[in-house]
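Trainee:
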Amino acid sequence: MSNIESVLNETRVFEPSAEFVKQANVSGMAGYQALCKAAEQDYAGFWAKLARETLQWKKPFTKSLNESNAPFFKWFEDGELNVSYNCLDKHLAGQPEKTAIIFEADDGKVTKINYRDLHARACQFANGLKSRGIRKGDRVIIYMPMSIEAVVAMQACARIGAIHSVVFGGFSARSLHERITDAQACAVITADAQMRGGKVMPLKPAVDEALAMGGCEMVHSVIVYQRAKPDTVRPDTAWNAQHDIWWHDLVLGQSTACEPEWVGAEHPLFILYTSGSTGRPKGVQHSSGGYLLGAMLSMQWVFDYKAGDIFWCTADVGWVTGHTYVAYGPLAMGATQVVFEGIPTYPDAGRFWKMIQNHKVTTFYTAPTAIRSLIKLGGELPRQYDLSSLRLLGTVGEPINPEAWMWYYNTVGQARCPIVDTWWQTETGCHMIAPLPGAMPIKPGSCTLPLPGIIATIVNEAGDEVHDQHGGFLVIKRPFPSQIRTIWGDPERYKNGYFPEEMRGYYLAGDSAHRDEDGYFWIMGRIDDVLKVSGHRLGTMEIESALVANPLVAEAAVVGKPHDIKGEAIVAFVVLKGARPADPATSAQLAETLRTWVAKTIGPIAKPDEIRFGDNLPKTRSGKIMRRLLRAIANGEEISQDVSTLENPAILEQLKNPVR
Ligand code: WTA
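Residues in the sequence shown are numbered consecutively from 1, following the working numbering.
1) Which of the three DSSP states, helix, strand or coil, is assigned to R139?
2) Which residue's Cα is closest to the Cα of A606: N127, M541, K63, E40?
3) Whose C-alpha, out of A315, D518, V317, Q300, is nearest the C-alpha of D309?
4) Along the chain, where does the beta strand (DSSP E) that runs through I310 open and close?
5) Which full runs of the alpha helix (DSSP H) of 4+ residues lie inside the region 79-151, going along the chain?
6) Under the DSSP definition of a beta bridge, which residues are partnered with P562?
7) Per DSSP, what are the beta-bridge partners of W423 in this structure?
8) Between which residues of its own chain and N460 is the CB-CB distance below 8 angstroms, once the five residues before and five after are set aside?
9) From Q425 to S389, what does the alpha carbon distance come to, in whole angstroms?
10) In chain order, what residues of the same chain have a beta carbon less than 6 angstroms from the beta carbon of E568, not counting five sequence neighbours either side?
11) At a cut-off of 8 angstroms, would you count P399 as near the ligand WTA, judging by its Cβ distance to the nearest heavy atom?
12) Return the chain-ordered list of same chain residues with a C-beta closer than 7 angstroms to the C-beta of F14, the five sequence neighbours on each side being excluded.
13) Report the option in L646, T395, L590, M524 whose CA atom is closest to the CA atom of A315.
14) If you check the beta carbons only, do L292 and A349 fall under 9 angstroms apart?
15) If you draw a straight line from the C-alpha of R351 to the C-alpha of T366, how long is it?
16) Could you check if G289 belongs to the surroundings of the ligand WTA, using beta carbon to heavy atom distance under 8 angstroms?
17) Could you check the C-alpha separation between L250 and R121 for me, to the nearest Å?
18) Drop a sphere of 10 angstroms on the beta-carbon of S373, count the other beta-carbons inside from all chains shown, and report buried for 16 or more, exposed for fewer.
19) Taking the C-alpha atoms as reference points, what is the distance between G253 and L387?
20) Ends of the beta strand (DSSP E) at D511?
21) Alpha carbon to alpha carbon, what distance is there between I523 and G379?
22) Considering Cα atoms alone, identify which of T601, L617, F521, K600 is closest to E10.
23) Contact between the region 592-602 and the region 625-639 is defined here as three or more beta-carbon pairs at a separation below 8 angstroms; is this criterion met?
24) If you pair each beta-carbon of the region 328-347 with each one of the region 77-95, do three or more pairs fall below 8 angstroms?
25) Where does P500 fall in DSSP's three states?
26) Would you say the region 509-517 touches the region 548-563, given that touching needs at least three Cβ pairs under 8 angstroms?
27) Given that a residue counts as buried once 16 or more other Cβ atoms are within 10 Å of its Cβ, and exposed if not, what is L92?
28) Thinking C-alpha only, which one of I433, F480, P452 is nearest I458?
29) What's the call for R391, buried or exposed, on a 16-neighbour Cβ count within 10 Å?
30) Following the continuous alpha helix (DSSP H) through H31, name the residue where it begins and the one where it ends.
31) Return the Cβ separation of E149 and W247 in integer angstroms, given the expectation that the two are a contact with Cβ distance under 8 angstroms.
32) What's the gap between the Cα of D78 and the Cα of E259?
33) For the ligand WTA, is there any heavy atom lying closer than 8 angstroms to the beta carbon of E80?
34) Could I get the ranges of all uninterrupted alpha helix (DSSP H) runs contained in the region 319-368, with 4 residues as the minimum, in chain order?
35) State the DSSP-derived secondary structure class of R595, mapped to helix, strand or coil.
36) Compare the C-alpha of D615 against each of P608, Q641, N648 and name the closest.
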């Protein structure tokens, strides 16, 4: 809890400069408050007005919010539009030549594409998808490295009304299989390989492996983008001529025009799987109209987007941040954005700063983990580059500790650029609580105030609002356009998980938070069994399920512990089926075997940092694992709480002193 304590004591405040305020889309607190007031006075009307002004509709809507079947809310339901039209076609008349994407590959190679060509390629690929029989409502898995093609694939799906589900390229074949079968996808778009830090890492073999696990009979097409050398996929992996087709063969001869499929505003744009408190990830289903509205408004309000900006969000399209602030938001705004394939530390820890310099990036958005690791690997490096193009910085995904915030502010932003610390989730689709940088004074470690129209508050277990320093559960009181519509195939889980009865119909975010005397929100962390490891969302239950699936393991419990760079580290307590390892060497060897196993089962991001073996786990007499005790042990804390209800108190000593 140490970094949370330091957040609590933070008192520094940074006012926006007069210059920034003057040019801001929302200028001064008065500007912000006016928007909030408009939302308060006529909630549905506020959103309807914005939806009319911001989105281009094929058929205008007449209804704004429909709450009749709460919590299955609908927005703008009788309107029709196409998201890809709003991201691409819209710009063809006014700015076809404007660069849409500056793609920088792992090896530094830069490729630029303008709006006209991006539109042509999305259309051509959409026609390719149609030639495989893919239609509106079909689910398509996208398992690709960061590339122009990944964006094209997402846009092409949106264009024909197919529902994409992007699976992060770092996930394993098993995780991929789980998502293919849950979504009942009919096609997978992948690449032969991905490049990371100078290494070629095959990707297509994981698709082959996933399909071979069974239950994927509905997959009729595997479209393979050739990222690496022509021989990467063959001969070591199978090429199944029945369903495998190269991307370049698919688009051959396809027209570069493709009439968009006009869909209802509530038509699902995508499903994105994310971790919750059970062993199975949940498919968060988003809408078309409401989602895109949130993406665009937050680009204007939080990123203060201007036509001359060079926008760079470093997130992978495998995460929600890469959906909203790479694939959709910037394109819908007609922005020029940087898309990056590699890692921040290759060829050295100056990569980001060099790219900001070379591409004259104005708006830079990344994760606290990346910031912390770059401080450690080269805290002085930013000074070697010309970062004068920057005007706004942002963070997302985890709380940022004030020390990292100050470094980001002073060393990267040269005390000139406001930092927008944006709190949101896969489920919320876009920023929820974040500064409007020309309006709000900012405080290191606080995500400040909710966006206009977002009625966020903090409640106790009974659902009553609290205002003190102890804080409570973060909730959002009113439905909002960009929110999750349901969990794919599991409406009950959606209802029970996000709208539990005691919360009075509020959306329960799953985070704890408190407010300071200015009403600023400070996020304290998850209240459920979800970890944020390097900004990646992981369920402890998922990792436990992976561990117990290993034939050596009888039982496992996973907890998080604070980590300087990653935010949280994964600690697993494991009971083996056989005897507990007697010596440090065997223990280390077994731990390594299990770490590799988890990496193979879920993905390398889920590898436990530490594994401790015990003869048992601390349990109550009713058999419940006492996770709070395990957390204390993982953190090396003294156990102060009452352990008399434990079935087996002696186990604590054993777990405290693992064999080393
Ligand atoms: C955490 C990422 C503190 C939070 C967009 C949330 C944050 C979870 C912040 C969602 C922030 C996100 N400050 N914590 N600015 N942003 N979180 O679904 O715990 O990957 O519930 O979405 O990340 O993670 P997800």
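From the three backbone atoms N, C-alpha and C, an ideal C-beta is built for every residue, glycine too.
Mentor: Working from what's here:
1) Here the question's residue 139 lines up with position 139 in the sequence shown. Strand.
2) Counting from one through the sequence shown, the residue named residue 606 turns up at place 606. The shortest Cα separation from A606 among N127, M541, K63, E40 belongs to M541.
3) Along the sequence shown, read from residue 1 onward, the residue named residue 309 stands at position 309. D309 has its Cα closest to that of Q300, out of A315, D518, V317, Q300.
4) Position 310 of the sequence shown, counted from the first residue, corresponds to residue 310. Segment 310-313, the beta strand (DSSP E) holding I310.
5) 115-131
6) Taking the first residue of the sequence shown as 1, we reach residue 562 at position 562. Answer is E568.
7) Stepping through the sequence shown from its first residue, residue 423 is reached at position 423. DSSP lists I433 as partners of W423.
8) Taking the first residue of the sequence shown as 1, we reach residue 460 at position 460. Taken in chain order, the residues that qualify are V466, G472, F473.
9) The residue labelled residue 425 in the question sits at position 425 within the sequence shown. The residue labelled residue 389 in the question sits at position 389 within the sequence shown. Cα to Cα, the separation comes out at about 29 angstroms.
10) As a working note, residue 568 is residue 568 in the sequence shown. Once the five neighbours on either side are set aside, the close Cβ partners of E568 are L531, K532, V533, G560.
11) Position 399 of the sequence shown, counted from the first residue, corresponds to residue 399. Result yes, Cβ under 8 angstroms from the ligand WTA.
12) Indexing the sequence shown from 1 puts residue 14 at position 14. Cβ neighbours of F14 beyond the five flanking positions: P441, I442.
13) As a first step, residue 315 is located in the sequence shown; it is residue number 315 there, counting from the start. Considering only alpha carbons, the answer is T395.
14) By one-based count along the sequence shown, residue 292 stands at place 292. By one-based count along the sequence shown, residue 349 stands at place 349. Cβ atoms of L292 and A349: not closer than 9 angstroms.
15) On the sequence shown, residue 351 is found 351 positions in, with the first residue counted as 1. On the sequence shown, residue 366 is found 366 positions in, with the first residue counted as 1. CA-to-CA, the gap between R351 and T366 works out to about 13 angstroms.
16) The residue labelled residue 289 in the question sits at position 289 within the sequence shown. Every heavy atom of the ligand WTA is 8 angstroms or more from the Cβ of G289, so no.
17) Here residue 250 refers to the residue found at position 250 when the sequence shown is read from its first residue. Here residue 121 refers to the residue found at position 121 when the sequence shown is read from its first residue. Between L250 and R121, the C-alpha separation is close to 12 angstroms.
18) As a working mapping, residue 373 is identified with position 373 in the sequence shown. Buried, since its Cβ has 16 or more Cβ neighbours within 10 Å.
19) For the purposes of this step, residue 253 is identified with residue 253 of the sequence shown, where counting begins at 1. For the purposes of this step, residue 387 is identified with residue 387 of the sequence shown, where counting begins at 1. Each residue's Cα considered, the two are about 44 angstroms apart.
20) Residue 511 sits at position 511 when you count from the first residue of the sequence shown. Residues 507-515.
21) Position 379 of the sequence shown, counted from the first residue, corresponds to residue 379. Position 523 of the sequence shown, counted from the first residue, corresponds to residue 523. Straight-line Cα distance between these residues: approximately 26 angstroms.
22) Position 10 of the sequence shown, counted from the first residue, corresponds to residue 10. With distances taken between Cα atoms, E10 lies closest to F521.
23) Too few Cβ pairs lie closer than 8 angstroms, so no.
24) yes
25) Locating residue 500 in the sequence shown gives position 500, where the first residue counts as 1. P500: coil per DSSP, three-state reduction.
26) no
27) Indexing the sequence shown from 1 puts residue 92 at position 92. Looking at its Cβ environment, which holds fewer than 16 other Cβ atoms inside 10 Å, L92 is exposed.
28) Position 458 of the sequence shown holds residue 458. Taking only the C-alpha atoms, the option nearest I458 is I433.
29) Position 391 of the sequence shown holds residue 391. Flag for R391 reads buried.
30) Position 31 of the sequence shown, counting from 1, holds the residue named residue 31. In the sequence as presented, His is not what sits at residue 31; that position holds Gly. Taken as a continuous stretch (DSSP letters only), the alpha helix (DSSP H) holding G31 covers 28-41.
31) Within the sequence shown, residue 149 is the residue found at index 149, counting from 1. Within the sequence shown, residue 247 is the residue found at index 247, counting from 1. About 7 angstroms separates the two Cβ atoms, so the contact holds.
32) The sequence position of residue 78 within the sequence shown is 78, counting from 1. The sequence position of residue 259 within the sequence shown is 259, counting from 1. Each residue's Cα considered, the two are about 21 angstroms apart.
33) Here residue 80 corresponds to residue number 80 of the sequence shown, with the count starting at 1. Checking every heavy atom of the ligand WTA against the Cβ of E80, none is found closer than 8 angstroms.
34) 329-332, 351-359
35) On the sequence shown, position 595 is the one that residue 595 refers to. Helix, per DSSP.
36) Locating residue 615 in the sequence shown gives position 615, where the first residue counts as 1. It is N648.
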